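Quick note, the sequences are listed as chains A and B, same order.
Throughout the first sequence, residue numbering follows the numbering used here, covering 449 to 617 in sequence.
Throughout the second sequence, residue numbering follows the numbering used here, covering 449 to 617 in sequence.
For each residue, glycine too, the CB sits at the ideal point set by N, CA and C.
Owing to the predicted nature of the structure, the values given are computational and were not obtained by experimental measurement.
Structure record follows, encoded as structure tokens.
There are 2 protein chains.
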Amino acid sequence: MDDRTPLADRVHSAAIHLLRRLRKQDDTSGVTPSRLSALSVVVFGGPKTIGQLASAEQVSAPTMTRLVVGMQRDGLVKRERDATDARVIWIRATPKGDRILREGRRRRVAQLARDLAELSPAEVEHLTHATEIIERITGRARSNSLGATLRPEDAARGASRGRARRRTR
Amino acid sequence: MDDRTPLADRVHSAAIHLLRRLRKQDDTSGVTPSRLSALSVVVFGGPKTIGQLASAEQVSAPTMTRLVVGMQRDGLVKRERDATDARVIWIRATPKGDRILREGRRRRVAQLARDLAELSPAEVEHLTHATEIIERITGRARSNSLGATLRPEDAARGASRGRARRRTR
DNA sequence: ATCATATACTTAGCGTAGCTAACTAACTAT
DNA sequence: ATAGTTAGTTAGCTACGCTAAGTATATGAT
Chain A
449 MDDRTPLADR
459 VHSAAIHLLR
469 RLRKQDDTSG
479 VTPSRLSALS
489 VVVFGGPKTI
499 GQLASAEQVS
509 APTMTRLVVG
519 MQRDGLVKRE
529 RDATDARVIW
539 IRATPKGDRI
549 LREGRRRRVA
559 QLARDLAELS
569 PAEVEHLTHA
579 TEIIERITGR
589 ARSNSLGATL
599 RPEDAARGAS
609 RGRARRRTR
Chain B
449 MDDRTPLADR
459 VHSAAIHLLR
469 RLRKQDDTSG
479 VTPSRLSALS
489 VVVFGGPKTI
499 GQLASAEQVS
509 APTMTRLVVG
519 MQRDGLVKRE
529 RDATDARVIW
539 IRATPKGDRI
549 LREGRRRRVA
559 QLARDLAELS
569 PAEVEHLTHA
579 TEIIERITGR
589 ARSNSLGATL
599 RPEDAARGAS
609 RGRARRRTR
């Protein structure tokens, strides 16, 4: 088989630049990417324990404890003790958390939707197929979409809270 | 025009999952994503000043100063004073820095290349076109590919990184 | 030549985010 | 009861992002 490295390189690069572009829509919520990502898990997946969240987000338990503390302080989630096991704590999104997450997601995807609006039907076709290919490769069956989302990876950079971020150029 | 939000959502999600998958190949180098990204700028673009690097990476000057300190400590780059302007400092990749970056990039993209090797010619076609569309949207003209690369964005393990911010005047 | 301003970078200090190690509390099993 | 396991927290370290302020050098006007 022939070498697909050059294509892989372009796909890789395209994915990175695409996400950087979209990420610029995010900063307005005032919630950091890590918190948004964890929040999305409970908004789309329902209440979760700290351990489940840590596992879903692939971070350590102490890290998730701290993320939850921050989200709770900001009123995005609330803790609920389990009825039968006093060790476990359920994290549930508050209406505010739900709203903030959905709005941020809409804002983020809206930019891309605008970009895509300019495409011809044939281009939409190509992009749709390509997306299916990538979904197949990553083993996703049309997941929740944002659920997994905002990991910094691009992680983007971290975060400072509160103040509005400035944009470039 | 019809609403492209559903497609945008899928493309967004696909890009995120794709990068998370690729990122898992990275952890071996021992270099953080932010440093790798900055390193890629000097490896592929030649010597740069701190200011140019900060601008290229969309981080503040102090942040870049610290990233450079870390890379220098690890032997990935070296500082060189400018011949005509004593204020500027040129950052150049060392052979070690060059090697580490290229190896990491190869390793990262190799995973995707293997995935793509299974595709049919028609699928490669679709993916190629889709990639061109994304490149057009993000305003890239087949850039160096990695140059911009490893921005955390998703940041998976390891560290999360940053976001686009502007420098002070 | 002097002085004010601008530029390039560094230092200092703050908040967030990741980790491991070690701790408390509570459940389970013997 | 006692030992072991599990859920979560606390403590301490590194790294990354920022702004504000400081130092050194360059430049332009007087």
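C-beta atoms of residue i and residue j nearer than 7 angstroms
i                : j                : result
threonine 586(B) : arginine 469(A)  : yes
glycine 545(B)   : valine 525(B)    : yes
leucine 487(A)   : leucine 549(A)   : yes
glycine 523(B)   : serine 477(B)    : no
leucine 455(B)   : leucine 564(A)   : yes
histidine 574(A) : histidine 465(B) : no
Cβ neighbour criterion (16 or more within 10 Å) applied to residue i
i                : result
serine 508(A)    : exposed
glutamine 506(B) : buried
serine 593(A)    : Unreliable placement is indicated for serine 593(A), whose pLDDT of 38 sits below 50; the coordinate value is still reported in the next sentence. Counting Cβ neighbours within 10 Å, serine 593(A) comes out buried, since at least 16 surround it.
threonine 579(B) : buried
alanine 462(B)   : buried
glycine 517(A)   : Per the sequence shown, residue 517(A) should be read as valine rather than glycine. Counting Cβ neighbours within 10 Å, valine 517(A) comes out exposed, since fewer than 16 surround it.
alanine 589(B)   : With a pLDDT of only 43 at alanine 589(B), under the threshold of 50, the placement of this residue in the model should not be trusted; the figure read from the coordinates follows. So alanine 589(B) counts as exposed.
CA-to-CA distance, residue j to residue i, given in whole angstroms
i                 : j                 : result
arginine 618(A)   : isoleucine 539(A) : An answer regarding residue 618(A) cannot be provided, because it is not within the stretch 449 to 617 covered by chain A.
alanine 502(A)    : threonine 511(A)  : 8 angstroms
isoleucine 560(A) : threonine 497(A)  : First, the amino acid is wrong: residue 560(A) is leucine here, not isoleucine. Whole-angstrom Cα-Cα distance: 33 angstroms.
alanine 541(A)    : valine 491(A)     : 6 angstroms
proline 569(B)    : arginine 527(B)   : 47 angstroms
proline 481(B)    : histidine 577(A)  : 31 angstroms
threonine 453(B)  : alanine 558(A)    : 7 angstroms
alanine 596(B)    : isoleucine 582(B) : With a pLDDT of only 41 at alanine 596(B), under the threshold of 50, the placement of this residue in the model should not be trusted, and no figure is reported.
valine 489(B)     : arginine 556(A)   : 27 angstroms
threonine 513(B)  : valine 536(B)     : 12 angstroms
arginine 562(B)   : valine 459(B)     : 21 angstroms
aspartate 457(B)  : arginine 471(B)   : 21 angstroms
serine 591(A)     : valine 572(B)     : Its pLDDT being 39, under 50, serine 591(A) is placed unreliably by the model, and nothing is read from it.
glutamate 566(B)  : aspartate 450(A)  : 11 angstroms
valine 479(A)     : glutamine 520(A)  : 12 angstroms
proline 495(A)    : threonine 532(A)  : 16 angstroms
glycine 493(B)    : arginine 554(B)   : 18 angstroms
proline 543(A)    : alanine 534(A)    : 25 angstroms
arginine 547(A)   : alanine 504(A)    : 21 angstroms
leucine 515(B)    : leucine 515(A)    : 25 angstroms
Residue i Cβ short of 6 angstroms to the ligand FAD heavy atom set
i                : result
aspartate 450(A) : The ligand FAD is absent from the structure shown, which contains no ligand whatsoever.
One or two residues paired with residue i in a DSSP bridge
i                : result
valine 572(A)    : Valine 572(A) pairs with nothing; no bridge assigned.
arginine 529(A)  : Ile537(A)
threonine 497(B) : Trp538(B)
Contacting positions in the stretch 525-546 of chain A - beta carbon closer than 7 angstroms to chain B: Residues: none.
Contacting positions in the stretch 560-581 of chain B - beta carbon closer than 9 angstroms to chain A: The stretch 560-581 of chain B vs chain A, Cβ under 9 angstroms: Leu560, Ala561, Arg562, Asp563, Leu564, Ala565, Glu566, Leu567, Ala570, Glu571, Val572, Glu573, His574, Leu575, Thr576, His577, Ala578, Thr579, Glu580, Ile581.
Contact list for the stretch 450-468 of chain B against chain A, Cβ threshold 8 angstroms: Residues are counted here when their Cβ sits less than 8 angstroms from a Cβ of chain A; for the stretch 450-468 of chain B these are Asp451, Arg452, Thr453, Leu455, Ala456, Asp457, Arg458, Val459, His460, Ser461, Ala462, Ala463, Ile464, His465, Leu466, Leu467, Arg468, given in chain order.
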